[in-house]
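So the number in full-length UniProt numbering is just where the residue sits in the sequence shown, counting from 1, plus 41.
Glycine included, C-beta positions come from ideal geometry on N, C-alpha and C.
Written out below as structure tokens is the structure these notes cover.
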Amino acid sequence: VTWRFALEEIEGSVQHAYARELKSRIEANSDGRIVVDVFPYGSLGTSSQLTELVRNGSVNMAFASPGHLSDLVPETGVFLLHFLVPDDDDVARRLFTDPSLTELFAPAYQERNLTLLGFVPEGWMAWTANKPLRTPDDFQGLRFRTMTSNMSAEAFRAYGAAPVKTPYSKVFSELQLRQLDGQTNPVFAIEEMNFHEVQNTMTRARATQFVSSVVANPGWYQGLPARQKEWLEQSIRELGKDAWNLQKDLNQTRLEAITTDGDIRVVTLTDEERNTFREASQPTYQYYLEQNGTRGEQILSTIQGMVATFAKTPKS
Ligand code: 6CS
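Rendered as structure tokens:
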């Protein structure tokens, strides 16, 4: 049996490392009776197209990041809100690896014909441009590339930017041709997509953590023999715990690579500078609630509650 798994990122990425790990666990558990075919980003299309391929059963599983997915599953737009996740690694790790997070979102995915298998954290997002971005003033009129959902764009419109929703594969050339002035992504992605070669400053704002989700076609998933479903679920559960360290290592190594090889300048915002952005980001919370009604309120308050609990209780 072959399972097809499509990625929104190229070889060498966090999603690729995750998929390789998932593949080897499933193939080992099944004694080679299941083969997982991994399709790195490229030939199958953009993120939104990959989601369609899962929904129509052409592929069995795919990564679906809220930055694109939140037009289809607006509840996931909560992950695009800035300053929701505090600048505390331990809190972020526990939030993103908590199985209750998957339960919280599963119904919203199911209604759009997607089975949510789990969330995968990919690290803090940095902002790049050809100048430092220290205050919302620096964003005024900036043609800033965001992922393709409305919520992704709203988050930067709140700072005064002119967001441009663009598929991942087009970002490099549009930055190079100066059709775009800036973009945001985790450090590992900035390095492997060579954005650091066409941007001169990377601002580390610690405003959002990139999180993605792994989705499956519901008919395929429900039709799996019990044993196979268990192998899949177990591998996802185990990997949930490793995923945090996997992104941490990759982001760290790539940051070192960027700062040693390239001449991109790295600016780290102070807490005071971050506070100005925090205030400017408040209208996007309202926007999220308007889009998502009472379910949105419940999701937002559940996540804020988890964050508060993890911040108060000792590290596990
Ligand atoms: O910026 C994007 O569109 C993409 N960035 C990452 C790190 N993963 C997938 C997403 O499509």
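Cutoff 6 Å; reference residue i; Cβ partners in own chain excluding five residues on either side
i          : result
Pro-204    : Phe-185, Thr-187, Ala-194, Phe-197 and Arg-198
residue 22 : The first residue shown for the chain is 42 and the last is 357, placing residue 22 beyond what the model contains.
Lys-356    : Asp-131
Met-243    : Ala-167, Thr-169, Ile-305 and Val-307
Pro-177    : Tyr-200, Gly-201 and Ala-321
Phe-351    : Val-132 and Arg-135
Val-239    : Leu-216 and Gln-217
Pro-173    : Thr-242, Thr-244 and Val-308
Arg-247    : Asp-128 and Trp-165
Distance cut-off 7 Å: residue i Cβ against heavy atoms of ligand 1
i         : result
Asn-235   : no
Glu-49    : yes
His-109   : yes
Pro-140   : no
Pro-173   : no
Glu-232   : no
Met-188   : yes
Ser-88    : yes
Ser-65    : no
Asn-191   : no
Pro-227   : yes
Glu-271   : no
residue 3 : The requested residue 3 is not part of the displayed model; the chain covers only 42 to 357.
Tyr-209   : yes
Ser-106   : yes
Contacts around residue i, its chain only, beta-carbon distance under 8 Å, and the 5 residues preceding and following it disregarded
i       : result
Trp-285 : Arg-134, Phe-137, Thr-138 and Pro-162
Leu-330 : Gly-337, Glu-338 and Leu-341
Lys-282 : Thr-138
Val-252 : Ser-106, Pro-107, Phe-120, Phe-137, Phe-160, Val-161, Pro-162 and Glu-163
Gly-182 : Gly-201, Ala-202 and Ala-203
Phe-80  : Arg-45, Phe-46, Ala-47, Leu-48 and Val-100
Pro-227 : Val-55, Glu-163, Gly-164, Trp-165, Met-166, Ala-167, Phe-251, Gln-288 and Asn-292
Ser-190 : Pro-107, Gly-108, His-109, Leu-110, Ser-111, Asp-112, Gly-118, Leu-121 and Lys-206
Asp-78  : Thr-43, Trp-44, Arg-45 and Phe-46
Residue i versus residue j - alpha carbon distance
i       : j       : result
Leu-291 : Gly-53  : 9 Å
Gly-337 : Leu-113 : 14 Å
Arg-245 : Arg-268 : 44 Å
Glu-50  : Gln-323 : 30 Å
Asn-97  : Gln-90  : 11 Å
Ala-60  : Glu-232 : 20 Å
Met-102 : Arg-45  : 6 Å
Thr-87  : Ser-254 : 15 Å
Val-212 : Thr-169 : 12 Å
Tyr-82  : Phe-229 : 15 Å
Glu-297 : Lys-289 : 12 Å
Val-76  : Tyr-262 : 16 Å
Phe-146 : Pro-140 : 11 Å
Pro-208 : Glu-215 : 11 Å
Gln-250 : Leu-265 : 33 Å
Glu-313 : Thr-156 : 41 Å
Phe-104 : Thr-317 : 33 Å
Val-95  : Asn-171 : 37 Å
Val-110 : Glu-279 : This sequence places Leu at residue 110; Val is not what is there. Rounded to the nearest angstrom, the two C-alpha atoms are 25 Å apart.
Met-234 : Arg-175 : 24 Å
Thr-343 : Asn-258 : 27 Å
Gly-346 : Thr-354 : 12 Å
Leu-310 : Trp-272 : 43 Å
Glu-152 : Leu-158 : 14 Å
Val-348 : Val-126 : 7 Å
Gly-334 : Glu-144 : 19 Å
Lys-270 : Asn-70  : 12 Å
Residue range of the unbroken beta strand (DSSP E) whose run includes residue i
i       : result
Glu-163 : 156 to 170
Thr-242 : 242 to 245
Thr-301 : Element bounds for Thr-301: not the beta strand (DSSP E) but the alpha helix (DSSP H), 267 to 302.
Met-102 : 102 to 105
Thr-43  : 43 to 47
Asn-226 : 223 to 227
Ala-203 : 203 to 206
Phe-80  : 76 to 80
Arg-175 : That residue, Arg-175, is in no beta strand (DSSP E); it is neither H nor E in DSSP.
Val-307 : 306 to 309
Run of the alpha helix (DSSP H) containing residue i, from where it starts to where it stops
i       : result
Ser-253 : Careful: Ser-253 lies outside any alpha helix (DSSP H), inside the beta strand (DSSP E) at 250 to 257.
Thr-143 : 140 to 152
Thr-343 : 323 to 353
Phe-197 : 191 to 198
Phe-213 : 212 to 217
Phe-185 : First-last for Phe-185: 184 to 187, but that is the beta strand (DSSP E), not the alpha helix (DSSP H).
Ile-67  : 55 to 70
Val-132 : 130 to 137
Phe-90  : Just to set this straight, residue 90 is Gln in the shown sequence, not Phe. Element bounds for Gln-90: 88 to 96.
Distance cut-off 7 Å: residue i Cβ against heavy atoms of ligand 2
i       : result
Phe-251 : As far as ligands go, the structure on display features ligand 1 and does not contain ligand 2.
Chain-order list of residues whose beta-carbon lies under 7 Å from that of residue i (same chain, five-residue window excluded)
i       : result
Glu-116 : Phe-146, Ala-149, Asn-333, Arg-336, Gly-337 and Ile-340
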